[in-house]
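Since the structure comes first, as structure tokens, the remarks are kept for the end.
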Amino acid sequence: MSVNQEHKEMLNFLQIKDKAELFSDVPQNVRKKNMKMNPGISEFELLEEARNYSLMNKGPGMINFLGNGLYDRVIPTSVDSLIGRTEFLTSYTPYQAEMSQGVLQSLFEYQSLMCQLTGMDVTNSSMYDGYTALGEAVRMAYRINEKSEVLLPETIYNGKLEVIKSYLAGLHVKLLFYKVNMKTGHIDLGDIQSKVNDNTCAILCEQPNGLGIIDENVFSLHELKKNALLIAYVDPISLGILREPGSYGADIVIAEGQQLGIHRSFGGPLLGILSFKNDHIRRSPGRIIGQSVDSNGKRAFVMTLQTREQHIRREKAMSNICTNQALMAIAAASYLSIVGADGLKKVATLTYQNAKNLKIALEKSGKLTPNQLSGKPFSDVLASFAAPIDGLQDKLYEKGILGGVPLSRFLSHGKGETIPNSFFFSATEKTQEHDISGLVSALEVIS
Amino acid sequence: MSYKQASYDEPFIGELRSGTTYKIPGKVDPGVLEDLPEGTRREYLPLPEVAEYDVVRHFTRLSQMNYSVDLGMYPLGSCTMKFNPKFADRISTFEGFSEIHPLQPEKSVQGSLRIMYELQEYLKDLSDMDAITLQPLAGAHGEYTGILIIRKYHEDRGELDSRTEIIIPDSAHGTNPASAAMGGFDVVEIPSNEKGTVDLEALKAALSEKTAAFMITNPNTLGIFEDQITEIAKLVHEAGALLYYDGANFNAIMGVTSPGLMGFDIVHFNLHKTFATPHGGGGPGSGPVAVKAHLKDFLPVPTVAKDGGRYFLDFSHPKSIGRISSYYGSFNMMLRAWSYITYHGADGLKENTVNAVLNANYLAKKLEGKFKIPYKPLKKHELVLSTENTGKRALDLAKYLIDNGIHAPTVYFPLIVHEAMMIEPTETVSKADLDQYAEVLLKGLEAGDGELKGMPKNLAVGRIDEVRAARELKVRWNLE
């Protein structure tokens, strides 16, 4: 153990001879004897080792059709630069507001931008990721009306469903599934209508939905929801061209914000966006930044409505969430500011255009059945093949292409019928014509 | 001390009008949106139209109105705001890590899986636990995962309906009771004794066939080591309950003792505290959860396993609580923690702990006599003092500190100490930093009450009206 000059002075001041005396309160029977791990190494050696590990991964530079929630999008260099500012990166939750106005105003702007994007009244300053934000949204809906049944689309991904179930532990909420038309890909309004009753707490809709389809039936849900809350899970990029949930009566809006300037990083950190109507603010989870003034009347920002939160309310808090995704929220705010309205519209339009071209090319390849979903995809194109293909994703990978995740990977929870031999290929604004032709040629020799 | 934080009258980004300059690549086909289903198109998209240079200047100016670990000591108690090494920033931008999709084929992500596997092994080694999940996305999320495991364990034994209570000391972090309540349990709070540790008699009285678990941190939030921990574990286990370790204070004991050796069944770690991943102004964090062998089957899926030289995602836990987040956890934070642990190694991690404890005790002794520092004198990673005896309010002294350019401690927590200041220096501060901290804090005692109420003066803004923020509730801009 190294003892430098300062430490010697400190030990003298404490009137102890050895640092070990600082642990005299730790009983012998629980003292740690040894560790398996190696001693430390230098930064130079660490960077070498980390680089070698990073090279064991493959993906950058390959043709990429992976999506279903996270996407390879254009990220302005400035976004990385801004969230790399160590004043943002290495600060804590802004408990001392006067010293932390930078983070607070940035998060206030994030809240404002997200409200404009979703058409909602309030957005909190972030949740962990899309799925956990959805879990919290269902809990929030239950707090608001205390009704016991939540309606979910039968095409909800397994992962989302399991996270909702995890978040509902301890609450008496029943999950019911409504039908989705497996020919058009649209949700079945008649089936929903038959299932909405006085016990319905909330209806979840997705836009685009679990089959990747832009679903115009979603816009009519407010007409048949009765007293239930409408929770909309949306793709934030799609809001560049598709109607904002505030315009079709959503009470709570959830989105995964990774696409707004955040790297995929094998799935984390992500960004959970949670927006809602004004009425529900006191029942909402998470931190909210509010505007006030300082002692000189200057505009200033603080964390507000903290009496909903765990550090004040303890077991009566709206949620246990403490740490959130503040830095990712700042990334999203800078992304939207940099690309602007025209940029987001272009990203969304190109995504739709490329998905359309991808679908057409796949249909022409001769490998698909004639019966594809008639609804239009936004980004995730579901392709139903005429014959089963085992391990399509691995076979494509051998040809330098990422994509082809089977529908069954997302919908194995056994709710409703599924579509056989179906695989996802996702487009973004980065998808090129030669990516699509490369995929089609690869599929020609795969069976 | 002469200090001034930058103070800009910075407008909202939505008020800037320099016009978008950023170029999105690609060519839009004319009319491509014409075939969108009727009524689906958005009519109006209100987003800023600002030049990239203006966006960069805006957020850079905002950043200058923000204190951070890179500017100096940041001794928020229980937050472990230590230096965040720059090598981790660099490694996290390696393309082979940052540009990877979680649904890629297993053979294409061997590097990431290996990092995760090694981090699992590191954390098991440090904690003496048997199995682990890296999936939880923050400390509180880890706690909730632990609560779900507690539920599943008792459900598996047919006792979930009867074991409805979770016991928590009055000194606990607020997330503990909040997580327990979220999982459907009743919270039973027990008082601390005169030493500031768990009152064994109160614990015995609270434990019953209704107890599902006892949640504590060790050292506790007073910075005091629970030296009767073996006895506590015995009592809890005899009652048929589980013992949960809140890892927020793990930096105090790493390499010296471990939750596993102390008899804990479930542990969560805070990678953004103990393992120096940057906290980003409030997040992201990462809160892995480790368990003893008898709880392994309940862990969320997937975990990372190894078969010869091949790493894979293991979905095979038969009694798993299921999934708790979108994918496999916050990989970038895991990568940074892996880097931190690999760099420091067994020797360095222990040394960091010892120095963190040395710093806390040194500062406690510097402040002793001037402030009341309740309970046992020997501290671990943090100290809790009360300003009550000085006639000053903790809040005012906090504002005095920040006005002098150093961050305040956590104030008014733990709740059992009046006018509390909870100070955690960590190992990455010098004696000179600590001396200065004590000097400024003591100087604050000499300031008049009027002077204190007028602080801060040297920051971007003066004291903020928090009541007004809650009353008027402006939570978004209104630029009309």
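The listed protein sequences correspond, in order, to chains C and Z. Heads up: the first sequence begins at 3 in this note's numbering, then just goes up one per residue. Heads up: the second sequence begins at 30 in this note's numbering, then just goes up one per residue. Just so you know, even glycine gets a beta-carbon here, dropped at the ideal spot from N, CA and C.
Annotated as distal: GLU246(C) and GLY342(C), with beta-carbon spacing of 7 Å or more.
One Cα belongs to ASP64(Z), the other to LYS369(C), and the distance between them is close to 25 Å. Annotation: Cβ neighbours of PHE254(Z) in chain C (cutoff 7 Å, chain order): ASP27, VAL28. With its beta carbon less than 7 Å from one in chain Z, LEU338(C) belongs to the interface. Judged by DSSP secondary structure, VAL98(Z) falls outside any beta strand (DSSP E); it is assigned neither H nor E. Residue pairing by DSSP places ALA334(Z) opposite PHE341(Z) in a beta bridge. Beta-bridge partners of CYS207(C) (DSSP): ALA234(C). Residue state for PHE427(C) is assigned as strand, using DSSP reduced to three classes. Within chain Z, the C-beta atoms nearer than 8 Å to that of THR134(C) come from LEU166, HIS170, ILE353, SER354, SER355, in chain order. For PRO41(C), the neighbours in chain Z by C-beta distance under 8 Å run, in chain order, GLY374, ALA375, ASP376, GLY377.
In this structure GLY274(C) does not touch GLY212(Z) by the C-beta definition: roughly 20 Å separates them, more than the 8 Å allowed. Taking 7 Å as the cut-off, the Cβ atoms of PRO77(Z) and ILE129(Z) do not count as close.
Straight through space, the alpha carbons of LEU407(Z) and ASP27(C) are spaced by roughly 8 Å. In the DSSP annotation of this structure, the continuous segment of the beta strand (DSSP E) that includes SER294(C) starts and ends at 290-295.
When C-beta distances to chain Z are compared with 8 Å, the residues of the region 76-88 of chain C below that value are VAL76, PRO78, SER80, ASP82, SER83, LEU84, ILE85, GLY86, ARG87, THR88, in chain order. Contact annotation: ALA143(C) and CYS203(C) have beta-carbon atoms nearer than 7 Å. GLU238(Z) and PHE442(Z) have their alpha carbons spaced roughly 32 Å apart.
Separation of the CB atoms of ALA234(C) and CYS207(C) is rounded to 6 Å, and the pair is thereby assigned contact status at 8 Å.
The continuous alpha helix (DSSP H) containing ARG180(Z) extends over residues 168-185. In this structure, PRO313(Z) keeps its C-beta atom at 7 Å or more from the C-beta atom of MET363(Z). Inter-residue distance for PHE126(Z) and ASP74(C) is about 13 Å (C-alpha atoms, whole angstroms). Judged by DSSP in its simplified three-state form, GLY63(C) adopts strand.
At a cut-off of 7 Å between beta-carbon atoms, SER114(C) makes contact with chain Z.
Comparing alpha carbon positions, the residue from TYR404(Z), GLU501(Z), PRO485(Z), SER208(Z) closest to GLN103(C) is PRO485(Z). The C-alpha of ALA331(C) lies about 6 Å from the C-alpha of SER128(C).
Taking 7 Å as the threshold, the shortest C-beta distance from ILE290(C) to chain Z falls below it. For MET451(Z), DSSP records a beta bridge to VAL413(Z), THR439(Z).
By the rule that beta-carbons nearer than 7 Å mark a contact, PHE425(C) does not touch chain Z.
Nearest CB-CB separation between LYS60(C) and chain Z: below the 7 Å threshold.
With a threshold of 7 Å between beta carbons, ALA52(C) makes contact with chain Z.
For GLU151(C), no alpha helix (DSSP H) run applies; the uninterrupted beta strand (DSSP E) run containing it begins and ends at 151-155, by DSSP. In the DSSP annotation of this structure, ILE275(C) is not part of any alpha helix (DSSP H); the continuous beta strand (DSSP E) holding it starts and ends at 274-278.
Annotated three-state conformation of ARG352(Z) is coil, per DSSP. Taking a cut-off of 8 Å for Cβ pairs, the region 219-229 of chain Z and the region 164-178 of chain Z do not touch, as fewer than three such pairs fall below it.
At a cut-off of 7 Å between C-beta atoms, ASP281(C) does not count as an interface residue with respect to chain Z. When Cβ-Cβ separations below 7 Å define contact, MET142(C) makes no contact with chain Z.
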